[in-house]
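A.B. asks:
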Amino acid sequence: MTRKDALSPDAPDLVSEATAWLAQLETGKLSREDLAAFREWVQRSPRHYAEIRRLAELSREVNVLAGMADPLREAAKRQRIVRRGATSPRRAAPVLGWGALGLAATCALAFALFAGPPGIAPQAPEPIYLVTPVGETREVALEDGSKVKLNTDSRVEVAFAKGRRNVYLEKGEAFFEVAHDTARPFTVYAGDRSVTAVGTAFSVRWTDEELVVTVSEGRVAYGEAPLRTAKSSAPGSAEIMPAAAPSQPAARKMLGAGQRLEVSPLNRAELVERLPENVLSRELAWRSGFLDFQDAPLREVVSEMQRYTPQEIVILDEELADLRFGGVFRIGQTQAFFEALELSFGVDVEQTADNKLILKSVN
Amino acid sequence: MASDATHPRRDAQGGIFSVFREQEAALRRFVRRISPSSSDIDDIAQETILRALQAERERDIQQPKAYLYTIARNVVRDALDKKSRSVIDFIEDFAPESVSSHEPLIEDQVEGRQRMLLFWEAVATLPEQCQQVFVLKKVYGYSHAEISRKLGISVSTTEKHVAAGLRRCCDFLDRRLAESGSGEARRWWAGTGE
Numbered sequence: 001m002t003r004k005d006a007l008s009p010d011a012p013d014l015v016s017e018a019t020a021w022l023a024q025l026e027t028g029k030l031s032r033e034d035l036a037a038f039r040e041w042v043q044r045s046p047r048h049y050a051e052i053r054r055l056a057e058l059s060r061e062v063n064v065l066a067g068m069a070d071p072l073r074e075a076a077k078r079q080r081i082v083r084r085g086a087t088s089p090r091r092a093a094p095v096l097g098w099g100a101l102g103l104a105a106t107c108a109l110a111f112a113l114f115a116g117p118p119g120i121a122p123q124a125p126e127p128i129y130l131v132t133p134v135g136e137t138r139e140v141a142l143e144d145g146s147k148v149k150l151n152t153d154s155r156v157e158v159a160f161a162k163g164r165r166n167v168y169l170e171k172g173e174a175f176f177e178v179a180h181d182t183a184r185p186f187t188v189y190a191g192d193r194s195v196t197a198v199g200t201a202f203s204v205r206w207t208d209e210e211l212v213v214t215v216s217e218g219r220v221a222y223g224e225a226p227l228r229t230a231k232s233s234a235p236g237s238a239e240i241m242p243a244a245a246p247s248q249p250a251a252r253k254m255l256g257a258g259q260r261l262e263v264s265p266l267n268r269a270e271l272v273e274r275l276p277e278n279v280l281s282r283e284l285a286w287r288s289g290f291l292d293f294q295d296a297p298l299r300e301v302v303s304e305m306q307r308y309t310p311q312e313i314v315i316l317d318e319e320l321a322d323l324r325f326g327g328v329f330r331i332g333q334t335q336a337f338f339e340a341l342e343l344s345f346g347v348d349v350e351q352t353a354d355n356k357l358i359l360k361s362v363n
Numbered sequence: 364m365a366s367d368a369t370h371p372r373r374d375a376q377g378g379i380f381s382v383f384r385e386q387e388a389a390l391r392r393f394v395r396r397i398s399p400s401s402s403d404i405d406d407i408a409q410e411t412i413l414r415a416l417q418a419e420r421e422r423d424i425q426q427p428k429a430y431l432y433t434i435a436r437n438v439v440r441d442a443l444d445k446k447s448r449s450v451i452d453f454i455e456d457f458a459p460e461s462v463s464s465h466e467p468l469i470e471d472q473v474e475g476r477q478r479m480l481l482f483w484e485a486v487a488t489l490p491e492q493c494q495q496v497f498v499l500k501k502v503y504g505y506s507h508a509e510i511s512r513k514l515g516i517s518v519s520t521t522e523k524h525v526a527a528g529l530r531r532c533c534d535f536l537d538r539r540l541a542e543s544g545s546g547e548a549r550r551w552w553a554g555t556g557e
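Top line first, the protein sequences correspond to chains V and A.
The first sequence maps to residues 1 to 363 in my numbering.
The second sequence maps to residues 364 to 557 in my numbering.
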């Protein structure tokens with residue numbers, strides 16, 4: 001298998017074609033020409049047939065979403081708690097009354113709601129869930145004027161209450177620009193730590209039990225926080241949340257602009273260091289949709305790239321893993337990274353049948 | 364219909380039917396709400412009580428009211444399923460003879476509510492208009508023609524959004540299955556080569 005296959009896999013195209021055909025079939029009313037074209041397409045290979053058959057089954061499975069109808073209606077009745085962020089300035093006309101409501105909000109409400117018996121209104125203010133799939137980022141404006149930008153494969157729960165603004169980073173990485181409000185501290189919980197700000201800008205990363213907090217403006221206070229119960233796996237248990245979030249956070253240490261806190265995944269030891277300006281901007285480059293590496297070992301670069309693609313990347317040779325590497329890449333365009341590896345570093349990129357990407361020295 | 368002394372039934376004489384009578388108006392409003400596109404509320408109400416009576420013959424129903432709503436929901440969902448199945452049947456007519464007919468169902472691999480949340484997460488990441496289209500279709504059961512009228516977009520744009528929505532659900536599911544180490548996801552991704 002050549003590199004070309006790795007860079008332009010044909011499976012996604014097959015999926016796209018199949019979903020397009022399926023949507024057309026679901027509309028009904030195929031013309032004679034359409035039908036002939038469909039017949040030609042579906043009979044092109046057994047894979048074509050298998051793909052559309054599988055997706056038709058999936059489409060049927062997705063009908064479980066009908067269960068969201070009632071929670072969504074309930075949600076639409078309730079207060080709007082999220083405005084859509086700058087990434088979606090255009091707002092379509094309300095549909096069924098919920099269109100104007102940020103779907104993230106309705107989504108969150110739904111999470112909290114649908115577990116209850118029908119017709120019974122929820123009690124506590126509902127949390128909002130924000131998610132990004134692998135390879136995408138997303139910016140959302142919160143009701144208090146703060147902004148959250150989510151990096152790839154991340155999940156954040158926003159639970160604002162009267163005297164506090166609590167945010168739970170369940171996985172991934174997020175950058176927060178906090179609107180100033182001394183009466184309501186803004187606290188981000190990630191794993192066994194919490195980070196509190198009043199008005200400042202910082203990022204929190206929680207991946208594989210490793211916590212990294214980077215402050216770009218102002219100061220934050222941080223400290224240990226009780227681990228949350230695995231409530232995300234038990235939607236509807238929103239009522240346990242306030243208990244999990246102490247109103248008075250534990251002993252605080254301060255972190256200033258340009259500083260980074262790392263909590264080791266091994267022994268939970270804390271390491272604080274000051275980052276030079278250029279390192280700081282590199283670390284936060286993802287906010288503008290870029291990844292910026294300079295003189296970094298390939299193993300680190302790959303583990304970073306891995307966050308943005310569902311394909312598993314494997315480095316075959318040890319000396320290759322130690323190779324120093326630099327470059328700027330756009331998030332979501334991982335191909336450019338592999339091209340650069342091949343062209344400038346003499347690395348062979350090979351895709352296996354089970355869709356792994358294997359990196360090895362050319363000779 | 365035994366209601367024994369150790370396990371007394373709250374509503375012994377009327378059973379689920381009397382609860383249905385009490386609840387009928389509210390139940391109809393509920394159906395209208397979760398399925399604004401369904402033309403025949405009568406049919407759905409009727410099917411609901413039939414299934415409830417059937418179930419009552421087989422076992423004791425602890426919370427008849429909640430149970431009725433659950434059934435109504437299922438009936439609505441089954442109507443959606445019927446549409447999907449007719450498309451599947453249509454596709455199966457094109458099956459090459461060499462293809463073995465059955466793959467494990469997603470249902471077998473991911474439990475119902477989890478599936479719903481998973482797909483919902485996928486929907487939450489869709490661009491706005493795409494999201495609207497997909498919700499109208501999959502949550503409220505609108506047809507493509509109804510959606511295009513409602514949103515003032517062409518049918519082909521509707522189809523494009525429906526396809527994109529399904530694609531996103533597909534990606535989320537693949538990822539979930541891969542995380543849980545199921546071989547299924549591998550097979551799907553492995554479609555890229557021999």
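A virtual CB, placed ideally from N, CA and C, is assigned to each residue, including glycine.
Please read these numbers as outputs of a predicted model, since none were measured by experiment.
Please name the residues in the region 379–398 of chain A whose beta-carbon is closer than 9 Å to at least one beta-carbon of chain V, in chain order.
C.D. replies: Of all residues in the region 379–398 of chain A, 389, 393, 396, 397, 398 have a Cβ within less than 9 Å of some Cβ in chain V.
A.B. asks: Which residues does DSSP list as the beta-bridge partners of residue 128 of chain V?
C.D. replies: Translated into positions along the first sequence, residue 128 of chain V becomes position 128. BP columns for residue 128 of chain V point to V/158.
A.B. asks: Please give the ranges of any beta strand (DSSP E) in the region 253–315 of chain V, keeping only runs that are unbroken, at least 3 residues long and fully inside the region.
C.D. replies: Taking only runs of at least 3 residues, the beta strand (DSSP E) segments lying wholly in the region 253–315 of chain V are 253–256, 259–263, 270–274, 290–297, 312–315.
A.B. asks: So, residue 271 of chain V versus residue 258 of chain V, is the Cβ gap smaller than 8 Å?
C.D. replies: What you label residue 271 of chain V is simply residue 271 of the first sequence in a count that begins at 1. What you label residue 258 of chain V is simply residue 258 of the first sequence in a count that begins at 1. Their beta carbons are not under 8 Å apart, which means residue 271 of chain V does not touch residue 258 of chain V by this criterion.
A.B. asks: Just curious, the alpha helix (DSSP H) that residue 381 of chain A is in, first and last residue?
C.D. replies: Along the second sequence, one-based indexing puts residue 381 of chain A at 18. From DSSP, the alpha helix (DSSP H) with residue 381 of chain A extends over 378–397.
A.B. asks: Give a yes or no on whether the C-beta atoms belonging to residue 454 of chain A and residue 53 of chain V are separated by under 8 Å.
C.D. replies: Along the second sequence, read from residue 1 onward, the residue named residue 454 of chain A stands at position 91. Along the first sequence, read from residue 1 onward, the residue named residue 53 of chain V stands at position 53. Yes; because the gap between Cβ atoms is below 8 Å, this pair is in contact.
A.B. asks: According to DSSP, is residue 458 of chain A part of a helix, a strand, or is it coil?
C.D. replies: On the second sequence, residue 458 of chain A is found 95 positions in, with the first residue counted as 1. Residue 458 of chain A: coil per DSSP, three-state reduction.
A.B. asks: Going along the chain, which residues of its own chain have a beta-carbon closer than 8 Å to the beta-carbon of residue 282 of chain V, five neighbours each way excluded?
C.D. replies: Taking the first residue of the first sequence as 1, we reach residue 282 of chain V at position 282. Excluding positions up to five away in sequence, the list reads 292, 293, 294.
A.B. asks: Label residue 485 of chain A either buried or exposed according to how many other C-beta atoms from any shown protein chain fall within 10 Å of its C-beta, with 16 as the threshold for buried.
C.D. replies: Working through the second sequence from its first residue, we reach residue 485 of chain A at position 122. The residue is buried, with at least 16 neighbouring Cβ atoms inside 10 Å.
A.B. asks: Mapping DSSP to helix, strand and coil, what is residue 412 of chain A?
C.D. replies: Within the second sequence, numbered from 1, the residue matching residue 412 of chain A stands at position 49. Helix.
A.B. asks: May I have the straight-line CA-CA distance separating residue 95 of chain V from residue 154 of chain V, to the nearest angstrom?
C.D. replies: Mapped onto the first sequence, residue 95 of chain V falls at position 95. Mapped onto the first sequence, residue 154 of chain V falls at position 154. Confidence is the limiting factor: at residue 95 of chain V the pLDDT is only 37, short of 50, which leaves the residue's position unreliable, though a coordinate-based value still follows. Cα-Cα distance, rounded: 28 Å.
A.B. asks: Out of V/209, V/210, V/219, V/328, which has the shortest C-alpha to C-alpha gap to residue 187 of chain V?
C.D. replies: Here residue 187 of chain V corresponds to residue number 187 of the first sequence, with the count starting at 1. Of the candidates V/209, V/210, V/219, V/328, the one whose C-alpha sits nearest the C-alpha of residue 187 of chain V is V/219.
A.B. asks: Output the boundary residues of the alpha helix (DSSP H) element that contains residue 335 of chain V.
C.D. replies: Residue 335 of chain V sits at position 335 when you count from the first residue of the first sequence. Segment 334–345, the alpha helix (DSSP H) holding residue 335 of chain V.
A.B. asks: Check whether the Cβ of residue 540 of chain A lies closer than 8 Å to any Cβ atom in chain V.
C.D. replies: Taking the second sequence and counting its residues from 1, one reaches residue 540 of chain A at position 177. No - not a single Cβ of chain V is within 8 Å of the one on residue 540 of chain A.
A.B. asks: Taking a cut of 9 Å between CB atoms, which residues from the region 514–538 of chain A lie near chain V?
C.D. replies: Cβ contacts with chain V: 514, 515, 518, 519, 521, 522, 523, 524, 525, 526, 527, 528, 529, 530, 531, 532, 533, 534, 535, 536, 537, 538.
A.B. asks: For the region 162–173 of chain V and the region 516–527 of chain A, state whether three or more C-beta atom pairs, one from each stretch, are separated by less than 8 Å.
C.D. replies: No, the region 162–173 of chain V does not touch the region 516–527 of chain A.
A.B. asks: Which one of A/388, A/380, A/432, A/385 has the shortest CA to CA distance from residue 419 of chain A?
C.D. replies: The sequence position of residue 419 of chain A within the second sequence is 56, counting from 1. The shortest C-alpha separation from residue 419 of chain A is found at A/380.
A.B. asks: Which residue wins for smallest C-alpha separation from residue 14 of chain V, given the options V/46, V/27, V/30?
C.D. replies: Residue 14 of chain V sits at position 14 when you count from the first residue of the first sequence. Out of V/46, V/27, V/30, V/46 has the C-alpha closest to the C-alpha of residue 14 of chain V.
A.B. asks: Inspect the beta-carbon positions of residue 178 of chain V and residue 161 of chain V and report whether they are closer than 8 Å.
C.D. replies: Numbered from its first residue, the first sequence carries residue 178 of chain V at position 178. Numbered from its first residue, the first sequence carries residue 161 of chain V at position 161. No.
A.B. asks: Opposite residue 166 of chain V in the DSSP bridges: which residues?
C.D. replies: Locating residue 166 of chain V in the first sequence gives position 166, where the first residue counts as 1. For residue 166 of chain V, which the question treats as bridged, DSSP gives the partners V/159, V/187.
A.B. asks: Label residue 131 of chain V either buried or exposed according to how many other C-beta atoms from any shown protein chain fall within 10 Å of its C-beta, with 16 as the threshold for buried.
C.D. replies: Residue mapping note: residue 131 of chain V aligns to position 131 of the first sequence, counting from 1. So residue 131 of chain V ends up on the buried side.
A.B. asks: Buried or exposed: which applies to residue 238 of chain V, given that a residue is buried once 16 or more other Cβ atoms fall within 10 Å of its Cβ?
C.D. replies: Position 238 of the first sequence, counted from the first residue, corresponds to residue 238 of chain V. Confidence is the limiting factor: at residue 238 of chain V the pLDDT is only 32, short of 50, which leaves the residue's position unreliable, though a coordinate-based value still follows. Residue 238 of chain V comes out buried.
A.B. asks: When we look at the beta-carbon of residue 537 of chain A and count the other beta-carbons within 10 Å, is it buried (16 or more) or exposed?
C.D. replies: Taking the first residue of the second sequence as position 1, residue 537 of chain A is located at position 174. Buried: at least 16 other Cβ atoms inside 10 Å.
A.B. asks: Distance cutoff 8 Å, beta carbons only. Does residue 357 of chain V sit that close to anything in chain A?
C.D. replies: Counting from one through the first sequence, the residue named residue 357 of chain V turns up at place 357. With 8 Å as the cut-off, residue 357 of chain V does not count as an interface residue toward chain A.
A.B. asks: In angstroms with no decimal places, state the Cα-to-Cα distance between residue 143 of chain V and residue 317 of chain V.
C.D. replies: One-based indexing of the first sequence puts residue 143 of chain V at position 143. One-based indexing of the first sequence puts residue 317 of chain V at position 317. Roughly 50 Å between the two C-alpha positions.
A.B. asks: Taking just the CA atoms, how far does residue 150 of chain V sit from residue 325 of chain V?
C.D. replies: To locate residue 325 of chain V, count along the first sequence from 1; it is residue 325. To locate residue 150 of chain V, count along the first sequence from 1; it is residue 150. Rounded to the nearest angstrom, the two C-alpha atoms are 26 Å apart.
A.B. asks: According to a CB-to-CB cut-off of less than 7 Å, which residues of the region 413–444 of chain A neighbour chain V?
C.D. replies: Going along the region 413–444 of chain A in chain order, one finds 429, 432, 436, 439, 440, 443, 444 with a Cβ nearer than 7 Å to chain V.
A.B. asks: Flag this pair as yes or no: are the beta carbons of residue 382 of chain A and residue 407 of chain A separated by less than 8 Å?
C.D. replies: Translated into the one-based positions of the second sequence, residue 382 of chain A becomes position 19. Translated into the one-based positions of the second sequence, residue 407 of chain A becomes position 44. Their beta carbons are not under 8 Å apart, which means residue 382 of chain A does not touch residue 407 of chain A by this criterion.
A.B. asks: For residue 319 of chain V, I'd like the list of residues in its chain whose CB is within less than 8 Å of its CB, leaving aside the five on either flank, ordered along the chain.
C.D. replies: As a position in the first sequence, residue 319 of chain V is number 319, starting the count at 1. Result list for residue 319 of chain V: 361, in chain order.
A.B. asks: Measure the CB-CB distance between residue 152 of chain V and residue 163 of chain V and report whether it falls below 8 Å.
C.D. replies: Within the first sequence, numbered from 1, the residue matching residue 152 of chain V stands at position 152. Within the first sequence, numbered from 1, the residue matching residue 163 of chain V stands at position 163. For residue 152 of chain V and residue 163 of chain V, no; Cβs fall outside 8 Å.
A.B. asks: What are the boundary residues of the alpha helix (DSSP H) that residue 55 of chain V is part of?
C.D. replies: Counted from its first residue, the first sequence places residue 55 of chain V at position 55. Residues 46–61.
A.B. asks: Does the separation of the CB atoms of residue 156 of chain V and residue 211 of chain V fall below 8 Å?
C.D. replies: Translated into the one-based positions of the first sequence, residue 156 of chain V becomes position 156. Translated into the one-based positions of the first sequence, residue 211 of chain V becomes position 211. Going by C-beta atoms, residue 156 of chain V is not nearer than 8 Å to residue 211 of chain V.
A.B. asks: So, helix, strand or coil for residue 351 of chain V, using DSSP?
C.D. replies: Here the question's residue 351 of chain V lines up with position 351 in the first sequence. Here residue 351 of chain V sits in strand by DSSP.
A.B. asks: Below 8 Å on the Cβ atoms is my contact criterion, and I expect residue 330 of chain V with residue 315 of chain V to pass it. Report the Cβ-Cβ distance as a whole number of Å.
C.D. replies: Here the question's residue 330 of chain V lines up with position 330 in the first sequence. Here the question's residue 315 of chain V lines up with position 315 in the first sequence. Not a contact, Cβ separation roughly 22 Å.
A.B. asks: Going by beta carbon distance, what residues of the same chain come within less than 7 Å of residue 108 of chain V, once the five residues before and after it are set aside?
C.D. replies: In the first sequence, counting from the first residue as 1, residue 108 of chain V sits at position 108. Its pLDDT being 43, under 50, residue 108 of chain V is placed unreliably by the model, and nothing is read from it.
A.B. asks: Using a Cβ-Cβ distance cut-off of 8 Å, determine whether residue 487 of chain A contacts chain V.
C.D. replies: Taking the second sequence and counting its residues from 1, one reaches residue 487 of chain A at position 124. So, interface residue.
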